[in-house]
Amino acid sequence: MLVHRIALVIAFFSHSVLAQSQNMSCQWAVIGAGPAGIAMVGALLDHGVKEKEIVWIDPTFQVGDLGALYQNVPSNTMVRSFRKFFLACRAFDIKARAHQFELFKRDDGRRCPLKEVVDPLLHATQKIKRRVNVVQGTVNNVARECDVFVLTAGDCVIRAKKVVLAIGAHPKQLQHRGLCQISMNDALDKQKLRELVCPDDIVAVFGVSHSGMLVLKNLSELGVKKIVSFAKKPLCYAVVQGAFYINAYTGLKGVAAQWARDFFEKNLPNNLVKFFNASGQEIEQELAGCTKVIYAIGFERNAIGGLPDELLQNYDTKTGVIAPNLFGVGIAFPRVVRDFSGEQVQAIGIWEFLRQARQIARFGGQTS
Ligand SMILES: Cc1cc2nc3c(=O)[nH]c(=O)nc-3n(C[C@H](O)[C@H](O)[C@H](O)COP(=O)(O)OP(=O)(O)OC[C@H]3O[C@@H](n4cnc5c(N)ncnc54)[C@H](O)[C@@H]3O)c2cc1C
Numbered sequence: 195m196l197v198h199r200i201a202l203v204i205a206f207f208s209h210s211v212l213a214q215s216q217n218m219s220c221q222w223a224v225i226g227a228g229p230a231g232i233a234m235v236g237a238l239l240d241h242g243v244k245e246k247e248i249v250w251i252d253p254t255f256q257v258g259d260l261g262a263l264y265q266n267v268p269s270n271t272m273v274r275s276f277r278k279f280f281l282a283c284r285a286f287d288i289k290a291r292a293h294q295f296e297l298f299k300r301d302d303g304r305r306c307p308l309k310e311v312v313d314p315l316l317h318a319t320q321k322i323k324r325r326v327n328v329v330q331g332t333v334n335n336v337a338r339e340c341d342v343f344v345l346t347a348g349d350c351v352i353r354a355k356k357v358v359l360a361i362g363a364h365p366k367q368l369q370h371r372g373l374c375q376i377s378m379n380d381a382l383d384k385q386k387l388r389e390l391v392c393p394d395d396i397v398a399v400f401g402v403s404h405s406g407m408l409v410l411k412n413l414s415e416l417g418v419k420k421i422v423s424f425a426k427k428p429l430c431y432a433v434v435q436g437a438f439y440i441n442a443y444t445g446l447k448g449v450a451a452q453w454a455r456d457f458f459e460k461n462l463p464n465n466l467v468k469f470f471n472a473s474g475q476e477i478e479q480e481l482a483g484c485t486k487v488i489y490a491i492g493f494e495r496n497a498i499g500g501l502p503d504e505l506l507q508n509y510d511t512k513t514g515v516i517a518p519n520l521f522g523v524g525i526a527f528p529r530v531v532r533d534f535s536g537e538q539v540q541a542i543g544i545w546e547f548l549r550q551a552r553q554i555a556r557f558g559g560q561t562s
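Numbering (our numbering), first residue to last: 195 to 562.
(1) Report the rounded CA-to-CA distance for GLY492 versus LYS366, giving the unit in angstroms.
(2) What separation, rounded to the nearest whole angstrom, lies between the Cα atoms of GLN550 and PRO428?
(3) Taking C-beta to C-beta, are VAL397 and LYS468 nearer than 8 Å?
(4) Is LYS386 helix, strand or coil when you go by DSSP?
(5) For ligand 2, is there a heavy atom less than 7 Å away from the beta-carbon of VAL333?
(6) I think PHE527 touches LEU359, with their Cβ atoms under 8 Å apart; what is that distance to the nearest whole Å?
(7) For GLY499, tell me which candidate among TYR264, PHE424, GLY258 and LEU345 has the shortest Cα-Cα distance.
(8) Taking only the alpha-carbon atoms, compute the straight-line gap between ARG300 and MET218 and give it to the nearest angstrom.
(9) If I follow the unbroken beta strand (DSSP E) through ILE225, where does it start and stop?
(10) Within the same chain, show all residues whose beta-carbon is closer than 7 Å to that of TYR264, passing over the 5 residues directly before and after it, in chain order.
(11) Can ILE544 and ALA363 be called in contact, C-beta distance under 8 Å?
(12) Which first and last residues belong to the beta strand (DSSP E) in which PHE286 is found?
(13) For ARG324, which of PHE298, TRP250 and ALA354 has the nearest alpha-carbon?
(14) Which residue spans inside the stretch 441-498 form an unbroken beta strand (DSSP E) run of at least 3?
(15) Have a look at the DSSP bridge pairing and note the partners of LEU359.
(16) State the CB to CB distance for the pair VAL312 and VAL257, rounded to an integer number of angstroms; the pair is presumed to be in contact (CB under 8 Å).
(17) Measure the C-alpha to C-alpha separation of LEU368 and VAL224 and round it to an integer number of angstroms.
(18) Would you say the stretch 528-544 touches the stretch 236-247, given that touching needs at least three Cβ pairs under 8 Å?
(19) If we count the other Cβ atoms within 10 Å of its Cβ and call it buried at 16 or more, is CYS220 buried or exposed?
(20) With distances taken between CB atoms, is the gap from ALA237 to ARG552 smaller than 8 Å?
(21) Apart from the five residues on each side of it in sequence, which residues of its chain come closer than 8 Å, Cβ to Cβ, to GLN507?
(22) For PHE424, count neighbouring Cβ atoms within 10 angstroms of its own Cβ and tell me buried if that reaches 16, exposed if not.
(23) Among the residues of its own chain, which have a CB less than 8 Å from the CB of ALA347, if the five just before and after it don't count?
(24) LYS419 and ASP456 - do their beta-carbons sit closer together than 8 Å?
(25) If you follow the alpha helix (DSSP H) that ASN335 is in, where does it begin and where does it stop?
(26) Beta-carbon within less than 7 Å of VAL515's beta-carbon, same chain only, minus the 5 sequence neighbours each way: which residues are those?
(27) What residue range does the alpha helix (DSSP H) around VAL326 cover?
Written out as structure tokens, the structure reads:
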């Protein structure tokens, strides 16, 4: 009873517990608490922004899509890169507790199930959530009034000098009429997919990148009647070259690469047929015999009220600046970099998000 009372008192005085109906003002508002939002709030705190000058908004604070959808998906990143992310940010306060997490018990040069990354990300969320102002809700509108942004989240109105959007993305879709669609997010999780297919299904899969290959692997292991794979580009692998990776961001890695090499290229399962650069007519013909379809063809940014997509899509791909004092970070606003071969690619991954976030914390601090 006493412990419960003390907890209530602490909660009352903490920045982090807010009534859902109130007005507040701050320097920085960060929208989204996926890996990118976590990195952003961590970077602001490390940069010395005052705790009470940060408002962090998310409906669940459960590590975004990584926490909700991808825990059973194998990582494409090496354990060492994840560790670098966690240890680089002081605000995550993870060093002393690292031994508690599976991720820190693993071999540096291995990959891991994403669940092992979600656990320390949840820890980091709790650590920084205690320090800043938190609004549990969804921002449904962002408006500009003179030199401040006005954010509406339910009954809560937040006025912020600077806003960072870490709002995530969802799988892109095509429209093929008459076919039952399985969402790519469900198909990536073998346990979920098992409940959505039956042995008589003929399933079309569009895309052969990391996600597409994992979906094909899951379907093949679950044993549906036939899988029809459509690809537009040839397979691309990430290859270690001395200290560098060729195709580091776009190439297949880990479990997906292994399955592609062993099965998709060499020992194609009997029930899998593949089409490369099929014509519209060929696709229609094949789809006529399919019962279900899965689109694994990339991601598009989530929308947010008050900010038209034409504005968001013109963000600066080096700095994350969308407009004065408005920034984007994470999978919705990836940095564009040149890879080893000189090609321009999107740099997606949690270590990249932290680099992006630090740049925004530094750059945004100068523009106040
Ligand atoms: C299959 C797969 C495997 C991946 N594997 C790796 C990997 O191995 N290594 C790696 O580094 N990366 C990996 N990634 C990439 C990346 O880390 C994840 O996609 C990650 O979830 C992106 O983080 P995010 O914070 O940008 O977006 P999200 O995780 O989508 O988080 C966005 C958050 O913003 C919230 N939000 C959205 N709109 C609003 C609003 N209006 N108001 C309030 N909150 C809002 C959402 O509720 C959510 O919590 C993988 C991605 C996929 C799809």
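Glycine included, every Cβ here is placed at the ideal spot set by N, Cα and C.
In brief:
(1) To locate residue 492, count along the sequence shown from 1; it is residue 298. To locate residue 366, count along the sequence shown from 1; it is residue 172. Taking the straight line from one Cα to the other gives about 6 Å.
(2) Sequence index remark: in the sequence shown, residue 550 carries index 356 (1-based). Sequence index remark: in the sequence shown, residue 428 carries index 234 (1-based). Computed Cα separation, rounded: 30 Å.
(3) As a position in the sequence shown, residue 397 is number 203, starting the count at 1. As a position in the sequence shown, residue 468 is number 274, starting the count at 1. Contact flag unset, no.
(4) One-based indexing of the sequence shown puts residue 386 at position 192. Reduced to three states, the DSSP call for LYS386 is helix.
(5) Ligand 2 is not among the ligands present in this structure, which contains only ligand 1.
(6) Here residue 527 refers to the residue found at position 333 of the sequence shown. Here residue 359 refers to the residue found at position 165 of the sequence shown. About 7 Å; that satisfies the 8 Å criterion.
(7) As a first step, residue 499 must be located in the sequence shown, where it is residue number 305. Of the listed residues, the one whose Cα sits closest to GLY499 is LEU345.
(8) The sequence position of residue 300 within the sequence shown is 106, counting from 1. The sequence position of residue 218 within the sequence shown is 24, counting from 1. Approximately 43 Å between the Cα atoms of the pair.
(9) Working through the sequence shown from its first residue, we reach residue 225 at position 31. 217-225 is the extent of the beta strand (DSSP E) around ILE225.
(10) Position 70 of the sequence shown, counting from 1, holds the residue named residue 264. Cβ within range, chain order: LEU308 and LEU382.
(11) Taking the first residue of the sequence shown as position 1, residue 544 is located at position 350. Taking the first residue of the sequence shown as position 1, residue 363 is located at position 169. Going by C-beta atoms, ILE544 is not nearer than 8 Å to ALA363.
(12) What you label residue 286 is simply residue 92 of the sequence shown in a count that begins at 1. Counting along the chain, PHE286 falls outside any beta strand (DSSP E), and DSSP gives it neither H nor E.
(13) In the sequence shown, the residue the question calls residue 324 occupies position 130. ARG324 has its Cα closest to that of TRP250, out of PHE298, TRP250 and ALA354.
(14) 466-470, 486-489 and 493-495
(15) One-based indexing of the sequence shown puts residue 359 at position 165. Per DSSP, ILE225 and GLY522.
(16) Translated into positions along the sequence shown, residue 312 becomes position 118. Translated into positions along the sequence shown, residue 257 becomes position 63. Indeed, because the Cβ distance is near 5 Å, the residues count as touching under 8 Å.
(17) In the sequence shown, residue 368 corresponds to position 174, counting from 1. In the sequence shown, residue 224 corresponds to position 30, counting from 1. Spanning the two alpha carbons is a distance of roughly 31 Å.
(18) no
(19) On the sequence shown, position 26 is the one that residue 220 refers to. Buried.
(20) As a working mapping, residue 237 is identified with position 43 in the sequence shown. As a working mapping, residue 552 is identified with position 358 in the sequence shown. Yes, the Cβ-Cβ distance between ALA237 and ARG552 is below 8 Å.
(21) If you number the sequence shown from 1, residue 507 lands on position 313. The answer, listed in chain order, is ARG495.
(22) Counting from one through the sequence shown, the residue named residue 424 turns up at place 230. Buried, since its Cβ has 16 or more Cβ neighbours within 10 Å.
(23) Against the sequence shown, residue 347 aligns to sequence position 153. Correct list, in chain order: ILE251, VAL329, GLY331, THR332, VAL333 and ASN334.
(24) Within the sequence shown, the letter at position 262 stands for residue 456. Within the sequence shown, the letter at position 225 stands for residue 419. Taking 8 Å as the Cβ cut-off, ASP456 and LYS419 do not qualify as a contacting pair.
(25) If you number the sequence shown from 1, residue 335 lands on position 141. Segment 335-339 is the beta strand (DSSP E) holding ASN335; no alpha helix (DSSP H) there.
(26) Along the sequence shown, read from residue 1 onward, the residue named residue 515 stands at position 321. The residues are TYR509 and PHE521.
(27) As a first step, residue 326 is located in the sequence shown; it is residue number 132 there, counting from the start. Premise fails: VAL326 is in no alpha helix (DSSP H) and is neither H nor E.
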